[in-house]
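Asks: Residue numbers (this note's numbering): 13 to 333.
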Amino acid sequence: MAKKFFAGVDIGGTKILAAVVSARGEILGREKASTPRGRGAKAVLAAVAEVLEGAMRDAEVKPRRLKAVGVGVPGVVDARGGRVLVAPNIPIAGAPIARELSRRFGAPVVLGNDVNAGLLGERWLGAARGVDDAVGIFPGTGVGGGVISGGRLVTGAHGAAAELGHIVLNPGGPLCGCGARGCLEAYASRTAIERDIREGARLGRATRVSELNGGRLDVIKSRVLAEALRLGDELVLDVMRAAAQRLGEGCVAARHCFDPRLIVLGGGLIEACGGFILPIVRQRLAADPLFKRVGPCRVAAARLGDDAGVLGAAALALARD
Ligand SMILES: [Zn+2]
Numbered sequence: 013m014a015k016k017f018f019a020g021v022d023i024g025g026t027k028i029l030a031a032v033v034s035a036r037g038e039i040l041g042r043e044k045a046s047t048p049r050g051r052g053a054k055a056v057l058a059a060v061a062e063v064l065e066g067a068m069r070d071a072e073v074k075p076r077r078l079k080a081v082g083v084g085v086p087g088v089v090d091a092r093g094g095r096v097l098v099a100p101n102i103p104i105a106g107a108p109i110a111r112e113l114s115r116r117f118g119a120p121v122v123l124g125n126d127v128n129a130g131l132l133g134e135r136w137l138g139a140a141r142g143v144d145d146a147v148g149i150f151p152g153t154g155v156g157g158g159v160i161s162g163g164r165l166v167t168g169a170h171g172a173a174a175e176l177g178h179i180v181l182n183p184g185g186p187l188c189g190c191g192a193r194g195c196l197e198a199y200a201s202r203t204a205i206e207r208d209i210r211e212g213a214r215l216g217r218a219t220r221v222s223e224l225n226g227g228r229l230d231v232i233k234s235r236v237l238a239e240a241l242r243l244g245d246e247l248v249l250d251v252m253r254a255a256a257q258r259l260g261e262g263c264v265a266a267r268h269c270f271d272p273r274l275i276v277l278g279g280g281l282i283e284a285c286g287g288f289i290l291p292i293v294r295q296r297l298a299a300d301p302l303f304k305r306v307g308p309c310r311v312a313a314a315r316l317g318d319d320a321g322v323l324g325a326a327a328l329a330l331a332r333d
């Protein structure tokens with residue numbers, strides 16, 4: 013029997029999702045589970061294997077028909093796609109994930125950064141279809157990045173290329189999760205937006221966010237931000253406008269490095285608030301003097317939505333095939 017199916021696994025800080033995918037990108041089966049907390053790499057690996065088995069049962073596909081498996085991880089993965097070097101939210105750094113899964117499922121396994129995977133997925137089936145030079149920037153808890161140049165994913169000497177969230181916009185700026193100051197992530201992640209809304213509220217600015225968000229200001233859901241924008245909440249408008257402008261500056265920097273034809277913005281924040289954010293980003297890009305005479309660069313929202321993680325991971329497997 014021909015091996016013709018791919019699997020994509022998306023390991024997140026809270027959930028692990030897996031799907032079995034055809035070579036044309038149809039999802040044939042899926043499964044998910046919570047990411048085990050505080051029990052180390054072994055527990056995460058066991059959960060990944062179980063979720064992948066569940067997706068294969070759901071798709072009625074036997075392991076011997078798997079061509080390759082892609083695994084997306086929020087972190088830095090080594091250049092060969094075998095090990096995770098840095099993963100701030102999941103205890104899997106250093107674990108030989110690709111080797112273990114490959115032994116268990118009898119198929120090649122490729123690990124990759126989740127936003128790199130997300131951009132590959134968008135190129136395969138979404139907003140960047142057919143585009144050979146594309147940049148992806150996905151603001152979420154952090155700000156992830158991905159670059160496809162000349163049709164190939166740019167991974168760098170150690171696998172850590174395209175960490176666009178850590179472009180320094182202001183060396184004296186707010187502290188970033190990476191330890192530096194003034195990174196794009198420290199201005200335009202949901203974490204940074206939450207921080208600035210809390211600060212505004214603390215200084216006594218009127219806002220309805222707390223009311224819309226069940227009385228809390230620690231974690232603010234993307235759909236609450238979208239609702240506050242719709243209601244014309246001035247604090248949220250100000251904070252989101254500033255974050256979108258910083259995101260635009262990040263896009264300008266990425267454009268100067270890679271001259272993409274398209275920048276894909278993705279993630280839950282963009283899905284909920286893209287209508288507000290994208291025009292500001294486009295305006296910032298259009299104002300860039302250097303590229304005015306070079307050529308256009310489109311900005312589009314990602315299209316794969318909830319399936320972006322697993323389809324992106326499957327695209328990683330496909331790209332290495
Ligand atoms: Zn940083």
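Cβ atoms here follow ideal geometry from the backbone N, Cα and C, with glycine treated the same way. As the structure is a prediction and not an experimental result, all values here were calculated from the model.
Mapping the DSSP letters down to three states, classify Leu281 as helix, strand or coil.
Replies: It is helical.
Asks: Relative to the alpha-carbon of Gly317, which residue among Ala218, Ser201 and Gly279 has its alpha-carbon at the smallest distance?
Replies: Considering only alpha carbons, the answer is Gly279.
Asks: At a threshold of 7 Å, does His178 count as lining ligand 1 (C-beta to nearest heavy atom)?
Replies: Yes, Cβ of His178 sits closer than 7 Å to a heavy atom of ligand 1.
Asks: Is there at least one non-hydrogen atom of ligand 1 closer than 7 Å to the beta-carbon of Gly189?
Replies: Under cutoff, so the answer is yes.
Asks: Helix or strand or just coil, what does DSSP make of Pro291?
Replies: In the structure shown, Pro291 sits in a helix (DSSP, three-state: H, G or I).
Asks: So, does the stretch 55-67 touch the stretch 106-113, judging by three or more C-beta pairs under 8 Å?
Replies: Output reads yes: the stretch 106-113 touches the stretch 55-67.
Asks: My output table needs one value for Ser222: the three-state DSSP class, helix, strand or coil.
Replies: Helix at Ser222.
Asks: Have a look at Ala326 and Val81 and give me their C-alpha separation to the nearest angstrom.
Replies: Computed Cα separation, rounded: 7 Å.
Asks: Is the beta carbon of Arg87 less than 8 Å from the beta carbon of Val73?
Replies: Looking at the sequence itself, residue 87 is Gly, so the reference to Arg does not match. No, Cβ-Cβ distance for Gly87 and Val73 is not below 8 Å.
Asks: Can you tell me which of Leu40, Phe17, Ala129 and Leu330 puts its alpha carbon nearest to the alpha carbon of Thr167?
Replies: Of Leu40, Phe17, Ala129 and Leu330, the residue nearest in Cα terms is Ala129.
Asks: Sorted by chain position, which residues of the same chain lie with C-beta nearer than 6 Å to Asn182's C-beta, five sequence neighbours on each side aside?
Replies: So the list reads Gly194, once near-sequence residues are dropped.
Asks: Per DSSP, which residues does Lys44 bridge with? Please list them.
Replies: For Lys44, which the question treats as bridged, DSSP gives the partners Leu29.
Asks: Across the stretch 40-49 and the stretch 62-70, are there enough close Cβ pairs to call them in contact, namely three or more that are closer than 8 Å?
Replies: At 8 Å Cβ cutoff, the stretches touch.
Asks: Does Thr203 pass the burial test, meaning 16 or more other C-beta atoms within 10 Å, or should it be called exposed?
Replies: Thr203 comes out buried.
Asks: Output the boundary residues of the alpha helix (DSSP H) element that contains Leu241.
Replies: From DSSP, the alpha helix (DSSP H) with Leu241 extends over Ser234 to Arg242.
Asks: Please name the residue, chosen from Val322, Arg135 and Val231, that lies closest to Ala312 on a Cα-to-Cα basis.
Replies: The residue with the shortest Cα to Cα distance from Ala312 is Arg135.
Asks: Report the rounded CA-to-CA distance for His170 versus Val89, giving the unit in angstroms.
Replies: Distance between the alpha carbons of His170 and Val89 is about 8 Å.
Asks: Between which two residues does the beta strand (DSSP E) holding Ala325 run?
Replies: Here Ala325 belongs to no beta strand (DSSP E); instead the alpha helix (DSSP H) covers Ala320 to Arg332.
Asks: Which two residues bound the contiguous alpha helix (DSSP H) that contains Asp335?
Replies: Residue 335 lies beyond the stretch modelled for the chain, which goes from 13 to 333, so this question has no answer here.
Asks: Would you say Glu197 touches ligand 1, meaning its beta carbon is less than 7 Å from a heavy atom?
Replies: Indeed, a heavy atom of ligand 1 lies less than 7 Å from the Cβ.
Asks: Can you give me the start and stop residues for the alpha helix (DSSP H) that Ser114 sits inside?
Replies: Run containing Ser114: Ile109 to Phe117, per the alpha helix (DSSP H) assignment.
Asks: Return yes when the Cβ of Leu132 is within less than 8 Å of the Cβ of Val276, no when it is not.
Replies: Not in contact: Val276 and Leu132 (Cβ atoms no closer than 8 Å).
Asks: Which residues bound the beta strand (DSSP E) around Ile205?
Replies: Here Ile205 belongs to no beta strand (DSSP E); instead the alpha helix (DSSP H) covers Arg202 to Arg214.
Asks: So is Leu224 buried or exposed if we call it buried at 16+ other beta carbons inside 10 Å?
Replies: So Leu224 counts as buried.
Asks: By alpha-carbon positions, which one of Gly324, Ile179, Ser222 and Lys233 ends up nearest to Leu259?
Replies: For the residues Gly324, Ile179, Ser222 and Lys233, the minimum Cα distance to Leu259 belongs to Ile179.
Asks: Count Cβ pairs between the stretch 111-124 and the stretch 251-267 that sit closer than 8 Å; are there 3 or more?
Replies: They do not touch, by the three-pair rule.
Asks: Under 7 Å from any heavy atom of ligand 1, does the C-beta of Ala192 make it?
Replies: Yes, the Cβ of Ala192 comes within 7 Å of a heavy atom of ligand 1.
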